[in-house]
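**Student:** Residue numbers for the sequence shown follow the UniProt record's numbering, so the first one is 1 and each next one is one higher.
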Amino acid sequence: MFSKSQEKCMGKLGGEMKALAKHCGGSHKTVNDCIHIVQRFDHHLRALNVHIQRVAQIKVRHIESYIHERLAQGIGKRTLQNEMASLRAVLQQAGRKQVAEHEWLTNKSLGLAGASRSGTRQAITPEHYHHVLETARMKAPGLAAALELARLMGLRSQEAVQSVQWIWGMGTGVGGMWRRCMGKFDSWLRASSGWSRLPPFTVSERLGGGGKYQAALPSPLQSKPESDRTNVEINERTCPE
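(1) Would you mind reading off the limits of the alpha helix (DSSP H) that contains Ile35?
(2) Give the DSSP-derived three-state secondary structure of Arg61 in the structure shown.
(3) Taking 7 Å as the threshold (C-beta atoms), are Ala94 and Val55 in contact?
(4) Measuring CB to CB, does Gly14 end up less than 7 Å from Asp42?
(5) Looking at Ala160: is its Cβ nearer than 7 Å to the Cβ of Ala150?
(6) On a CA-only basis, which of Gln162, Gly74, Leu110, Lys97 is nearest Arg61? Give me that one, please.
(7) Using three-state DSSP, classify residue 242 as helix, strand or coil.
(8) Under a three-way DSSP split, which group does Ile75 fall into?
(9) Taking its Cβ as the centre, do 16 or more other Cβ atoms sit within 10 Å of Glu83, making it buried, or is it exposed?
(10) Out of Ala47, Glu64, Cys24, which has the shortest C-alpha to C-alpha gap to Val90?
(11) Identify the continuous alpha helix (DSSP H) that holds Thr135 and give its terminal residues.
(12) Leaving aside the five residues before and after Gly26 along the sequence, list all residues of the same chain whose C-beta is less than 8 Å from its C-beta, in chain order.
(13) For Arg197, which of helix, strand or coil comes out of DSSP?
(14) Just reading off the alpha helix (DSSP H) that Ala100 is part of, what are its end residues?
(15) Out of Gly11, Glu148, Ser163, which one is the CA nearest neighbour of Arg46?
(16) Can you tell me whether Gln122 is buried or exposed, with buried defined as 16 or more other CB within 10 angstroms of its CB?
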């Protein structure tokens, strides 16, 4: 993670790569990770006193040097495969296909081949999930709603909370897809934009018996003004065609 002062010191190359990273597509987290990778690459070149100003000046040896340094730092091969994928995407976005697909920059040539892609994390058991969900329903219904969204739609926790911004704020693209999918359900999600971190928010959810309940999630941001918070509601609503 880079501090604001480090970002301000980013050279022209880093600024151009950051702009390209924003257009590479993917989720907010994917784009954010890509930005941090290109900033790290820019910092690596400047630390070596390599003065290049444009992506058009990037050579194969520059990327080789970056990966070799990361390997020497003990960074895992799987992580570096992801970093190379991001660098290739940025190079492709800049029209540097010849460099992005260079034979010296394949995972095998860089010494990154053979890493397991199966992952090391395990999903929680259904029993554990239902236990946590029932506990959340009793203590923090808003959290329970976010848990269900994350579980059913495969969302990260932050994405589960912020997904309502995609649904309500966009009529085409991803937002349009969300609207069409959510139109099959009885409830509708909407939210006003606010903090990027998980703030306290209020959830109104329709119960099976027709009643409604509300709950505010506790948060370190509790002292922030009400206008600075993100209010999230789950309301019964009909999805537009």
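Virtual Cβ for every residue (Gly too), placed ideally from N, Cα, C. Note that the structure is predicted; figures quoted are calculated from it, not measured.
**Tutor:** From the atom records:
(1) 28-47
(2) It is helical.
(3) yes
(4) yes
(5) In contact: Ala160 and Ala150 (Cβ atoms closer than 7 Å).
(6) Sorting Gln162, Gly74, Leu110, Lys97 by C-alpha distance to the C-alpha of Arg61 places Leu110 at the top.
(7) Look at the range of the chain in this structure, 1 to 241, and you will see that residue 242 is not part of it.
(8) coil
(9) buried
(10) Cys24
(11) 126-139
(12) Only Cys34 meet the Cβ criterion.
(13) Its pLDDT being 38, under 50, Arg197 is placed unreliably by the model, and nothing is read from it.
(14) Note, Ala100: alpha helix (DSSP H), 97-100.
(15) Checked all of Gly11, Glu148, Ser163; the closest Cα to Arg46 is Gly11.
(16) exposed
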